[in-house]
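Each protein sequence line maps, in turn, to chains A and B.
Following the numbering used here, the numbering of the first sequence begins with 438 at its first residue and continues without gaps.
Following the numbering used here, the numbering of the second sequence begins with 129 at its first residue and continues without gaps.
We treat Cβ as the ideally placed atom computed from N, Cα and C, and that holds for glycine.
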Amino acid sequence: MTDVVLAPQPAGNPQLNAHGELQHLITLDGLSREIITAILDTAQPFTEVAEREVKKLPLLRGKSVFNLFFENSTRTRTTFEIAAKRLSADVINLNINTSSAAKGESLLDTVDNLAAMQADMFVVRHGSSGAPHLIAQHLAATGRDYIHIVNAGDGRHAHPTQGLLDMYTIRHYKQDFTRLTVAVVGDLLHSRVARSQIHALLALGVPEVRVIGPSTLLPTGVARMGGNGGKGKLRVFHDMREGLKGVDVVMMLRLQNERMQGALLPSAQEYFKYYGLTPEKLALAKPDAIVMHPGPMNRGIEIDSAVADGAHSVILPQVTFGIAVRMAVMSMLAGN
Amino acid sequence: MPTLPDATQLCTQLAEIMRPHVTPKTALVGIHTGGVWVAECLHRELAIALPLGVIGVSFHRDDFSQRGLHKGTKASNMPFDVEGAHIVIIDDVLNTGRTIRAAINELFDYGRPARIDLAVLVDRGDRELPIAATWCARTLTFPASQTLALERDASAQLAFRLIEK
């Protein structure tokens, strides 16, 4: 996989407009606690829409949202689609794997064509880190920055709406971020989800984030992510039992077999033995700890079914909250 | 400039105007934020049996494309069945009518009420939509440059204030 090379950025956060409001959502890195909290606060009333007889709001009426998925996804694409439809947008799903890109069209040519179809928002998933940023830069350079970009996962870089819905879930169950110890467990090397989670946790004031995994699946320099203004502390553990002691939140990651290059792991069985979340390992966390997973789960590899379906699991509420969080993000961008 | 009326007195007056029309089926719904304060007062004074509903209009505002989503968007909460209900929407000040239009749209997302009435403390005129209050405690006029705002202090006392835009 080759990453997209970006031109140097002018000073400031490229996601924000001249008024400091969110124009695009590309990464949680560099977003302030205030902005992240504002998104979570905005998501709150959207959760209640699902309880209504009419599960639809007019905020994006007449807008066209293009789901541009250059990489396979079912859950993320579906929740973005539901979110946009509940906001009354017209949603166009493009599986680029099976369309023009396969015929050789470049990313920016695809974007130009869709922009010419009066797109108002692109929800982009791409295998290359930086692709959504590249699109945003391209649209700005060609005077079309009224089109909003939402990153739905790019390479190993970021998956900001997943990070936000995880923060929403934690806040729902634990309220105060500043008293928590949170563990992020598993394949961090390939995980854009983990990067977004860690940025958000530290920005929201979590005092201790623990990353747990075999050294082959932790990115080099992961501990430096904690150097964020000296606020949160990031600790690295290779022994899962040690790392889970006394934690409030366990965030499991999917073992990304499809991205593995070379022999990073001896076997799935051995991975489960050392890094699979079993009831016995979970017992080391706080008695009221919650267990999260971004899905799709590999049962019996990173998580035992007894935990995934157990009393501590909030994995399905994560999916439900994800719709409200995506509705909030899309409404905020469309209104800015 | 007219002197500002006593908000607590207006609440009591509005309750007396509404009292002959209240039935056991009457449900009150206050519009965030000032309307909820007035609705709480009316709910108490009129001893309404059904729990008080609250309504946020951010999702149905017609200025979304100009102003975006309002900060502090509040959720609606309908603790009774809207289908077939007799609902009185409560607000502090009626002006253009746009908030009421949004509130009615929001209500219909929960079901089809049998009847909707509107009760306000102050009708300041300058309507931009064909909307009228069923019950109103006071009619006053102000220059368009001024906002009439209801405020509540720490001891839950209500008071009107004029704010230059």
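Quick one: residues in its chain with C-beta nearer than 6 angstroms to the C-beta of residue i, no 5 flanking neighbours on either side, listed in chain order?
i	result
L132 (chain B)	F288
A743 (chain A)	P716
I183 (chain B)	V157, I159, S204, A231 and E234
I607 (chain A)	V686
P152 (chain B)	A177
R280 (chain B)	W165 and L286
H636 (chain A)	L465 and D466
E173 (chain B)	A143
L531 (chain A)	L505
P569 (chain A)	I463, V561, I586, N588 and D591
Would residue i count as contacting chain A if we go by Cβ distances under 7 angstroms?
i	result
F192 (chain B)	yes
L197 (chain B)	yes
D237 (chain B)	yes
T201 (chain B)	yes
F270 (chain B)	no
F288 (chain B)	no
F187 (chain B)	yes
Report yes or no: is there a C-beta of chain B within less than 7 angstroms of the C-beta of residue i?
i	result
P482 (chain A)	yes
V491 (chain A)	yes
N773 (chain A)	yes
L494 (chain A)	yes
G513 (chain A)	Per the sequence shown, residue 513 (chain A) should be read as Thr rather than Gly. No, no contact with chain B.
M767 (chain A)	no
E471 (chain A)	no
T598 (chain A)	no
T439 (chain A)	Confidence in T439 (chain A) is poor, its pLDDT being 45 and thus under 50, which makes the residue's placement unreliable; the coordinate value appears in the next sentence. Closer than 7 angstroms: no.
E488 (chain A)	no
T757 (chain A)	no
E542 (chain A)	no
T479 (chain A)	yes
So, for residue i: in the same chain, excluding its five sequence neighbours on each side, which residues have a beta-carbon less than 7 angstroms away from its beta-carbon?
i	result
L197 (chain B)	S186
L602 (chain A)	Q755, F758, G759 and V762
N450 (chain A)	G467
I533 (chain A)	L505, F506, F507 and T547
I519 (chain A)	I760
T262 (chain B)	D245, L246 and A247
T269 (chain B)	R252 and G253
Apart from the five residues on each side of it in sequence, which residues of its chain come closer than 8 angstroms, Cβ to Cβ, to residue i?
i	result
I572 (chain A)	L544, L545, V548, F559, V561 and I586
L299 (chain B)	Outside the shown range of chain B, which is 129 to 293, sits residue 299 (chain B), and nothing can be said about it.
E168 (chain B)	G158 and L180
P258 (chain B)	G225
R736 (chain A)	S742 and A745
R240 (chain B)	V210, E211 and G212
I176 (chain B)	V150, T154, A155, L156 and L170
D582 (chain A)	Q460, A573 and L576
T201 (chain B)	G184, S186 and F187
Contact criterion: CB-CB distance below 7 angstroms. Does residue i meet it with respect to chain E?
i	result
D219 (chain B)	Considering every chain present, this structure includes no chain E. Its protein chains are A and B.
If the criterion is Cβ atoms closer than 7 angstroms, does the pair residue i and residue j meet it?
i	j	result
D219 (chain B)	V250 (chain B)	no
I790 (chain A)	Y610 (chain A)	Nothing about residue 790 (chain A) can be read from this structure; chain A reaches only from 438 to 773.
M689 (chain A)	I740 (chain A)	yes
N223 (chain B)	D190 (chain B)	no
I738 (chain A)	F709 (chain A)	yes
R514 (chain A)	L641 (chain A)	no
A526 (chain A)	V491 (chain A)	no
F483 (chain A)	M764 (chain A)	yes
G600 (chain A)	Q634 (chain A)	yes
G590 (chain A)	R629 (chain A)	yes
F192 (chain B)	L496 (chain A)	yes
Q706 (chain A)	H627 (chain A)	no
Rounded to the nearest angstrom, how far is the Cβ of residue i from that of residue j, given a contact under 8 angstroms?
i	j	result
L654 (chain A)	D624 (chain A)	5 angstroms
R678 (chain A)	K718 (chain A)	6 angstroms
V621 (chain A)	A631 (chain A)	5 angstroms
L770 (chain A)	L459 (chain A)	6 angstroms
I473 (chain A)	L465 (chain A)	7 angstroms
Q285 (chain B)	T136 (chain B)	7 angstroms
V619 (chain A)	V643 (chain A)	5 angstroms
R512 (chain A)	P733 (chain A)	7 angstroms
D557 (chain A)	I584 (chain A)	6 angstroms
Q274 (chain B)	E256 (chain B)	Not quite, the Cβ-Cβ distance comes to about 17 angstroms (not below 8 angstroms), so this is no contact.
R252 (chain B)	V216 (chain B)	Not really, about 20 angstroms apart at Cβ, beyond 8 angstroms.
A748 (chain A)	L681 (chain A)	Not a contact, Cβ separation roughly 17 angstroms.
Y712 (chain A)	P651 (chain A)	7 angstroms
D237 (chain B)	R498 (chain A)	Between R498 (chain A) and D237 (chain B) the Cβ distance is about 14 angstroms, and since that is not below 8 angstroms, they are no contact.
H214 (chain B)	A260 (chain B)	So it is not a contact: roughly 18 angstroms between Cβ atoms.
Secondary structure, alpha helix (DSSP H): runs of 4+ residues fully inside the stretch 646-709 of chain A: DSSP runs (the alpha helix (DSSP H)) wholly in the stretch 646-709 of chain A: 677-681.
Residue ranges of each alpha helix (DSSP H) within the stretch 551-595 of chain A, 4 or longer: Complete alpha helix (DSSP H) runs here, min 4: 568-578.
Where in the stretch 135-210 of chain B do unbroken runs of the alpha helix (DSSP H), each at least 4 residues long, occur, reported from the N-terminal end onward? Counting only runs of at least 4 residues, the stretch 135-210 of chain B fully encloses the following alpha helix (DSSP H) elements, listed from N- to C-terminal order: 135-146, 162-173 and 192-195.
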